[in-house]
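Protein chains in written order, with my numbering: chain A, 1 to 366; chain B, 1001 to 1366; chain C, 2001 to 2366; chain D, 3001 to 3366.
There are 4 protein chains.
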Amino acid sequence: MSGNSFGRLFIVTTFGESHGPALGAVIDGCPPGLPLTEADIQPDLDRRRPGTSRFTTQRQEADQVEILSGVFEGLTTGTPIGLLIRNTDQRSRDYAAIKDKFRPGHADYTYQQKFGLRDYRGGGRSSARETAARVAAGAVARKFLAGRGILIRGYLAQMGDITLSLNDWAAVHENPFFCADPARVPQLEALITQLRRDGDSVGARVNVIASGVPPGLGEPVFDRLDADIAHAMMGINAVKGVEIGAGFDVVTQKGSEHRDEISSAGFLSNRAGGILGGISSGQDIRVSLALKPTSSIRLPGRTVDLHGADTDIVTTGRHDPCVGIRAVPIAEAMLALVLMDHLLRQQAQNAGVASVTPIIPGAVDD
Amino acid sequence: MSGNSFGRLFIVTTFGESHGPALGAVIDGCPPGLPLTEADIQPDLDRRRPGTSRFTTQRQEADQVEILSGVFEGLTTGTPIGLLIRNTDQRSRDYAAIKDKFRPGHADYTYQQKFGLRDYRGGGRSSARETAARVAAGAVARKFLAGRGILIRGYLAQMGDITLSLNDWAAVHENPFFCADPARVPQLEALITQLRRDGDSVGARVNVIASGVPPGLGEPVFDRLDADIAHAMMGINAVKGVEIGAGFDVVTQKGSEHRDEISSAGFLSNRAGGILGGISSGQDIRVSLALKPTSSIRLPGRTVDLHGADTDIVTTGRHDPCVGIRAVPIAEAMLALVLMDHLLRQQAQNAGVASVTPIIPGAVDD
Amino acid sequence: MSGNSFGRLFIVTTFGESHGPALGAVIDGCPPGLPLTEADIQPDLDRRRPGTSRFTTQRQEADQVEILSGVFEGLTTGTPIGLLIRNTDQRSRDYAAIKDKFRPGHADYTYQQKFGLRDYRGGGRSSARETAARVAAGAVARKFLAGRGILIRGYLAQMGDITLSLNDWAAVHENPFFCADPARVPQLEALITQLRRDGDSVGARVNVIASGVPPGLGEPVFDRLDADIAHAMMGINAVKGVEIGAGFDVVTQKGSEHRDEISSAGFLSNRAGGILGGISSGQDIRVSLALKPTSSIRLPGRTVDLHGADTDIVTTGRHDPCVGIRAVPIAEAMLALVLMDHLLRQQAQNAGVASVTPIIPGAVDD
Amino acid sequence: MSGNSFGRLFIVTTFGESHGPALGAVIDGCPPGLPLTEADIQPDLDRRRPGTSRFTTQRQEADQVEILSGVFEGLTTGTPIGLLIRNTDQRSRDYAAIKDKFRPGHADYTYQQKFGLRDYRGGGRSSARETAARVAAGAVARKFLAGRGILIRGYLAQMGDITLSLNDWAAVHENPFFCADPARVPQLEALITQLRRDGDSVGARVNVIASGVPPGLGEPVFDRLDADIAHAMMGINAVKGVEIGAGFDVVTQKGSEHRDEISSAGFLSNRAGGILGGISSGQDIRVSLALKPTSSIRLPGRTVDLHGADTDIVTTGRHDPCVGIRAVPIAEAMLALVLMDHLLRQQAQNAGVASVTPIIPGAVDD
């Protein structure tokens, strides 16, 4: 119950199930005067949309967004922006066979235990389909942030054993894997093909970077920028790990090695990932996530039914062999929501009486 | 500004600077009727307290907690519990030399950029000393949870290159490193001694486990249990990475390998770390954090002063060579706060009309 | 910006403008297992709906609600309930004449000052039409509360100089004025007819009563039940005053006269209006509101235009001569939302260790 | 449980019981750089303080405030401001006689029903003594607002049948009644003397006015400025009614009579009380409250004991015969907290892209 809103000042509330009539989001707190039409939102939805390549789920959804409110004569009015996406290709019959069983590794079991009942069609609200609403809301934040010079970009950094470099940002939009290392795309294709054949799935790592972020965003102690990013990222379906900057590599680093030294020209490195003490430093913000392999696979597994009796399960619906791929636009959207919220919070502080002027230029080493 | 409260129903607000008059916390939302005295809180504070061994900072603080409100005749009343810890051993003169400079890797720079001024004495509120207030509040949550059979325990899992097993929970309290692998303690001592000699510091990994957690805690979509844990953990000073269950290992796992199969006797493994779809499954909750090496080290580093001019800096105050050590009770406290909050939230749902009964026993494989 | 959500655990977010594509609400926090269909909501919308009699606005709106999510096989699932109401009878041309002027007594001016732009069609989001979304959400809360024996009813207590008694609850649904004093209905009709002729409007008083409320709802200090009711009621368009129980009559009362004495059979009077110290006592909760006359009237008034130049204004659109009439179902809905939220909050406390048993039966004197 | 915090961006959390060790407040969200010492807060506490005249309770409390955090070198730092007020004159023995009985009209009964136990000494947290913490926090807000030209002032407008004019703001500080109608002070003295003799109490009306408030504060729909004021005021102990502007007089007003016409020189009247559509108009904000007579009186009354058995009660502790008197500084503090919060929220919006310029000068008719 509850928990479906995100943010303090730029508040996004999502609703909708995978196989219900519609998905949607309400954005409360968007500043007035932002030019906004459906055409600003649709491209991000299209990037996340299923059915666009043979490497993701074959469900066909147009994911057409309709703006229901909050925009007048092409400008946001400062009132809530209602966004609606109708579901069109629900094949609920796919789920009849598993309605009384729990897929291992899936939220089936915990939803049943929490709520006492569940919408078993496509996972209901636990489906990654819910993230379409987040992506739609994130597109609004991204448009606002772009006007402030803040750019948020993600890419697939690893799939299974295949590690992928950040060689070419432009390439990310030219393959269905959000891969910035175009020479590796055939390897990715081969792996997905093999997984489909095996009826199995695999995990992935996604990196997201925000550049142009001003220093000063983030609120110590609990609402730190890194804490809010971790909250946002761990809240994406299938994410099991989050890193900022050097991440888990810090465990073996010395202090003299980890710290980013500073010169009048800017920071000399960025192991911190752009955040110190929970507050943005002006350097690029660097985030990395680990996504588990989807649990909806064709290989049979042991499980129980609604009555706790032992049984086996096979999932034959349309699923992504690697949910990490389509997580790229979702992670971008969530990072945008966090930054948008903290930008507004920092603006509130600027009601203050202290004068804040930049001390050094932004990062030199990103 | 703001951001110093944690939780939705069990709300903890902390205040206080490292070198100000006092630290404290207000707990709003503790159920009435819980037996509570200072003696329930002091042991956790003593575990986090500085100056207890030569392997952590030499600052001497009694960290005596006083309950100011919310308890009557030995029982909580349901009203806010005010907790006060006076500072006693502030040696602010240590900081005169660095008041106009920014320690690389420290929050000095970002606080200055955010607020336009800062309490430079010991890092002010960015000091890990603030976490004493969290530990005090966490002790109240832990007492309540213990009454429900929920046990939260942490240990040091790695320091630099030294990896540490979970061999013996009892040993954790018998060495100053929260180490459950007692044979390795001499290695840890040697490493700290070397770091002190070098004027350097090192990172660490801490693991925290909650057992006895009922299924059903956590709120999809944004306030998922794992998302709230990530928020809590990334909000601890120096943390740069958070994992739930298999964490970043999922990147290379297959779906058939990662999923925890289920039998009528319980789950057959726990790679999920006790959370599926953001909701507790009844298995142990397993969390792992990476803590960076402290940035306050004696080795000189390049930085700038308040005016942006290039300079060098050396930090000679009393600091932990490995902040990860004392992070163990802090991580336990934060996990307790998350679970306490979600326990109350789930109780609110039980106002509902759906009947929720357990389907399988808890974990069998933990 | 923001501020369009209501509640802490049963959270209602509304969106939509008077002349935009649609209105709607998202309910986050409805317990699972509640039987719910559109037919549970539509009757309350029909009671608030415009165009049903010649005594309110002549705008014709079907106000058909669609449930977009959160219900599966006829039961709520514990996930957000999306509610959609399409606008159908927007006659925006009515507003062309006043788009650059501010109606005195209307939100035109303050919206313009706050946001720098505004949707001038029918007041945009400041229109009472927005309350349709609140009524829809309130209907869900009312259904849940009814299952707990909590009944919420309102009536028109005064229109202009015509004071109206609570003689007959059943009569409320049998006249277009929500009047429980049927003999006075012709007087009300005559007054409205006269106001239409004059192009003027008039204020009203509405009373709302909740019975069957258990003792113990409400959270001292700030989130008191009466404080939250005041917040809810003053947030209804046109409300300028709120009273609980004896209300402003307390100013001249003595303590010996005001206090409700108690016997083993229950309270002996109910001047408190069912709330003591911000917490429900188990007696009926009694609330009274004052609604100002609508500012959209045909009589010309002095005002300024967008550039601050003096001008006159006449409003010729379709408006209620007494907005207080249709406020009855809105006030009922808002009271339902407050009680629903506090019921869930109190349920969360019952995770506590204190045993709470009723001391006396409910009210005897209501 | 919970509910002891106020505000969204300028968040005040209070703690403490009437007869516990201390009261206090934590302010989270005060902008950095505000000059602040205890001397800024103490005068407001002294105005609310008991024992200063023979017309209020004879309890003697120094109410000395200590700033525990959030201020460095005389300036706020943007971190939480901890405020502590030790209790010194608790005479808990006064309460032994009534510990097992419920005072009619008092929160005794509802606290017991809510929490299952209660601190019966002086009402515990339901005591008006808790408001000292609010006044302390309000003083910080008032100082900030004063720097923006916003002035908040209250006065006693009625006590029992004695109505009091606003003749002279300066007089308010020169009598113990906060009376702006100095000729009436002897009447007030006589009434209090008579009430003390009779062992009875009486109600009161308090008016509070904020001037210098910029247009644009307040968030439609739910977090309207008037709704938040109503919430704040109804949350003050003993308040049973709240009015904005013309208040309940609107019930009999015509639209042509109520609306405040506008000219290029400003508004021509202020029946709205400075708020239209939930947003400040730039005119004076006018609020009026009704406070019930205190229920702690010497005249015996019927009640029940903890076991529900019939009994009588007499309250002999030290109490105010008219709690409305000392409510004046409390109401000022609460209005300051509301305005401070909305000022910061509006500042957040100014991150927006719409240009907002004032259209007319402020009020001309206040």
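Ideal Cβ placement from N, Cα and C applies to all residues, glycine included.
Paired residues, beta bridge with residue i - DSSP
i         : result
Glu1243/B : Gly241/A and Ser1288/B
Pro2035/C : Leu2075/C
Gln2158/C : Thr2163/C and Arg2205/C
Lys101/A  : Asp305/A
Ser3263/D : Gly3266/D
Val65/A   : Ile85/A
Beta-carbon proximity of residue i to residue j, cut-off 8 angstroms
i         : j         : result
Ser1295/B : Gly255/A  : yes
Ala146/A  : Val12/A   : no
Leu3117/D : Leu3075/D : no
Ala327/A  : Ile192/A  : no
Phe115/A  : Thr2077/C : yes
Asp3063/D : Leu3045/D : yes
Pro220/A  : Gly301/A  : no
Leu1189/B : Phe1055/B : Per the sequence shown, the amino acid found at residue 1189/B is Glu instead of Leu. Contact: yes.
Pro2104/C : Asp3312/D : no
Gly1324/B : Gly1203/B : yes
Val2314/C : Gly3241/D : no
Of the listed residues the options, nearest to residue i (C-alpha basis)
i         : options                                       : result
Asn1004/B : Glu1066/B, Arg1047/B, Ile1162/B and Ala1232/B : Ala1232/B
Ala1157/B : Ile1150/B, Arg1148/B and Asn1167/B            : Asn1167/B
Ser281/A  : Val328/A, His319/A, Ser211/A and Ile98/A      : Ser211/A
Ile85/A   : Arg121/A, Thr14/A and Tyr111/A                : Thr14/A
Cys2179/C : Gln2042/C, Gly2199/C, Arg2153/C and Ser2002/C : Arg2153/C
Ala227/A  : Ile279/A, Ile313/A and Gln42/A                : Ile279/A
Pro1215/B : Ile67/A, Glu332/A, Asp108/A and Glu61/A       : Asp108/A
Val1026/B : Pro1293/B, Val1140/B and Leu1299/B            : Val1140/B
Cutoff 7 angstroms; reference residue i; Cβ partners in own chain excluding five residues on either side
i         : result
Ile360/A  : Ile262, Ser264 and Gly266
Ser1069/B : Thr1079, Pro1080, Ile1081 and Gly1082
Val1239/B : Met1233, Leu1289, Ala1290 and Leu1291
Ile330/A  : Arg48, Thr131, Arg134, Val135 and Ile236
Arg184/A  : Ile162 and Leu164
Contacts around residue i, its chain only, beta-carbon distance under 8 angstroms, and the 5 residues preceding and following it disregarded
i         : result
Ala246/A  : Gln253, His258, Arg271, Ala272 and Gly273
Pro182/A  : Asn167, Asp168, Ala171, Glu174 and Asn175
Leu1009/B : Gly1029, Asp1341, Leu1344, Arg1345 and Ala1348
Asp2366/C : Interpretation of Asp2366/C is limited by its pLDDT of 45, a score under 50 that renders its predicted location unreliable; the figure taken from the coordinates is listed afterwards. If we look at Asp2366/C and ignore the five residues flanking it on each side, its Cβ neighbours are Ser2211, Asn2270, Gln2283 and Asp2284.
Gly368/A  : Residue 368/A is absent from the model: chain A starts at 1 and stops at 366.
Neighbourhood of residue i by C-beta, 6 angstroms cutoff - its chain only, sequence neighbours within 5 removed
i         : result
Leu1306/B : Asp1100
Lys143/A  : Asp40
Glu2017/C : Asp2119, Gly2124 and Arg2125
Pro2358/C : none
Pro1032/B : Thr1076, Thr1077 and Gly1078
Rounded distance between the beta-carbons of residue j and residue i, thought under 8 angstroms
i         : j         : result
Gly1007/B : Leu1337/B : 6 angstroms
Ile3297/D : Ser3201/D : 5 angstroms
Arg1286/B : Ile1229/B : Contact doesn't hold; Cβ gap of about 10 angstroms is too wide.
Pro2050/C : Arg2196/C : Contact flag wrong, Cβ pair sits at about 15 angstroms.
Leu3339/D : Leu3151/D : That pair is no contact at about 11 angstroms.
Residue i: CB within 7 angstroms of a non-hydrogen atom of the ligand COA
i         : result
Ser1269/B : You won't find the ligand COA in this model; it holds no ligand whatsoever.
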